[in-house]
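Colleague: Top to bottom, those sequences are chains A and B.
Residue numbers for the first sequence follow our numbering, so the first one is 1 and each next one is one higher.
Residue numbers for the second sequence follow our numbering, so the first one is 1 and each next one is one higher.
Ideal Cβ positions, reconstructed from N, Cα and C, are used throughout, including at glycine.
One structure coming up, written as structure tokens, with questions to follow.
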Amino acid sequence: MSTIRCDIVSAEQEIFHGSAQMVIASGEAGELGIAPRHAPLITRLKPGQVRLLLENGEEQFFYVSGGILEVQPSVVTILADTAIRAKDLDESAALKAKDEAERALANRADAMEIAQAQAQLAQAVAQLQALEKLRRSLKH
Amino acid sequence: MAGAREIRTKIKSVQNTRKVTRALEMVSASKIRKAQDLMRASRPYSRAMRQVIGHLAHANVEYKHPFLIEREAIKRVGYVIVSTDRGLCGGLNTNMFRKAISDIRAWQDKGVEVDLVCIGQKAVQLFRRLKVNMVGSVTHLGERPQIAQLIGVIKVMLDAYSGGQIDRLHIVYNDFVNTMTQRSTIDQLLPLPPSSDLAGTHAWDYLYEPDAETVLEHVLTRYIESLVYQAVLENLASEHAARMVAMKAASDNATKAIGSLTLVYNKARQAAITQEISEIVGGAAAV
């Protein structure tokens, strides 16, 4: 019986590596069943199950929260996402990163103000001391 | 004996310092292994990614994604700076920042503006004091960084690139060579530099679902994300390695300091005894 090599990997770990009779996944355009010698194909995956029909007839399930499915005649590669991804979720993550930076920069403003105030204070103190000296020298 | 007592307190305090540095050293030594495991675990993904992109680059000739096209005029560049959250890791951050800043200065001298994204507390602390434009940051990734924590900062930069605000994107991080060596590295993320991995010979094209543009966009975004993630992991391993080495040096220095202090202490003690004896002898002679 012919089999197809299947690799399921995510950015954080290798999930499955081995051969299968058939790989069943839910692609963006619909359910896909990949048998050996399938035409080269590349598609995005919808969040859902990936079902593998192993050589010994057993079935194995994996859950993927999206990703990419690449098919070559003898290899199927699934690049699974580890996190749940959606456009608006990504947007909010980006906004959060921007906010964080702005907050860090806002703190800078505080630090600068403090530094500026300290410099002014030092100047004022120096002026006072100079005046004091002048006054003393005039008295004598 | 007053001098001797002071020296003894000093010895005690150095001994306590040595206890702390020893503990930090051992903690880092165990964390290096975990960080390396993480690095190893994430490798198959980026390898598979590279293969897919290599096939795509050769299979699909009629459509070129903006991430792959070199822009002629560069008006603004982006940097992703990957640093640690904590200090006490020798010159790791300092060396990297020096390299990054000299690179940034070189761009600024040419009249090119620079946008920054900072990962890690140390980079945030440094770059908010400098005259650069920080557009995003993320800190406190912990011992097991996850790609979900990085999506935000990466998206800020990818959007800026797609929107034409920046024309180039670099990443700065410490490459983990081995425990003794970490190399501060600047890599170009966008446009994706052509590499030998991306070369392949294919006469066939894929079936694309839904279409080539969407799929390519998706794949390239994920690829950039995996590159940044990998850099973060490399930097994490480097952090622990550098801390271990720094703490080992500190412990050795403490041992040396204790040795010389003990010598001084013994001399002071002996001098005190000698003085006492001579006083007693002098006193007895007087009687």
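I'd like to know whether the C-beta atoms of residue 82 of chain A and residue 11 of chain A end up nearer to each other than 8 Å.
Modeller: yes
Colleague: Tell me the rounded alpha-carbon separation between residue 31 of chain A and residue 167 of chain B.
Modeller: The straight-line gap separating the alpha-carbon atoms of residue 31 of chain A and residue 167 of chain B is approximately 39 Å.
Colleague: Applying a beta-carbon distance threshold of less than 8 Å, which residues of chain B neighbour residue 27 of chain A?
Modeller: Those are 209, listed as they occur along chain B.
Colleague: Within the same chain, show all residues whose beta-carbon is closer than 6 Å to that of residue 18 of chain B, passing over the 5 residues directly before and after it, in chain order.
Modeller: 251, 254
Colleague: Note down, in chain order, every chain B residue with its Cβ under 7 Å from the Cβ of residue 93 of chain A.
Modeller: 151, 152, 155
Colleague: Can you check whether the CB of residue 42 of chain A is closer than 8 Å to the CB of residue 68 of chain A?
Modeller: yes
Colleague: For residue 57 of chain A, count neighbouring Cβ atoms within 10 angstroms of its own Cβ and tell me buried if that reaches 16, exposed if not.
Modeller: exposed
Colleague: Run through DSSP, which three-state label would residue 47 of chain A get?
Modeller: strand
Colleague: Please list, in chain order, the chain A residues whose beta carbon lies closer than 9 Å to that of residue 45 of chain B.
Modeller: 9, 10, 11, 12, 13, 14, 79, 80
Colleague: Would you check if there are 3 or more beta carbon pairs closer than 8 Å linking the stretch 141-149 of chain B to the stretch 219-237 of chain B?
Modeller: yes
Colleague: Considering only residues of the stretch 61-128 of chain B, which uninterrupted alpha helix (DSSP H) runs meet the minimum length of 4 residues and lie entirely inside it, listed in chain order?
Modeller: 92-109, 121-127
Colleague: Closest Cβ-Cβ distance between residue 96 of chain A and chain B: below 8 Å?
Modeller: yes
Colleague: Got a sec? Which residues, its chain only, sit under 7 Å from residue 262 of chain B by beta carbon, not counting five neighbours each side?
Modeller: 11
Colleague: Please report the distance separating the alpha-carbon of residue 30 of chain B from that of residue 279 of chain B.
Modeller: 58 Å
Colleague: Any beta carbon of chain B sitting closer than 8 Å to that of residue 119 of chain A?
Modeller: no
Colleague: Starting from the Cα of residue 19 of chain A, find the closest Cα among A/123, A/103, A/60 and give me that residue.
Modeller: A/60
Colleague: How about residue 134 of chain B: is its C-beta nearer than 8 Å to some C-beta of chain A?
Modeller: yes
Colleague: In whole angstroms, what is the alpha-carbon distance linking residue 28 of chain B and residue 124 of chain A?
Modeller: 49 Å
Colleague: Return the CA-CA distance between residue 64 of chain B and residue 72 of chain B, expressed in angstroms with no decimal places.
Modeller: For the pair residue 64 of chain B and residue 72 of chain B, the Cα-to-Cα distance works out to about 16 Å.
Colleague: Return the CA-CA distance between residue 165 of chain B and residue 76 of chain B, expressed in angstroms with no decimal places.
Modeller: 7 Å
Colleague: Taking the Cβ atom as the reference point for each residue, do residue 32 of chain B and residue 181 of chain B lie within a distance shorter than 8 Å?
Modeller: The answer is no: Cβ separation not under 8 Å.
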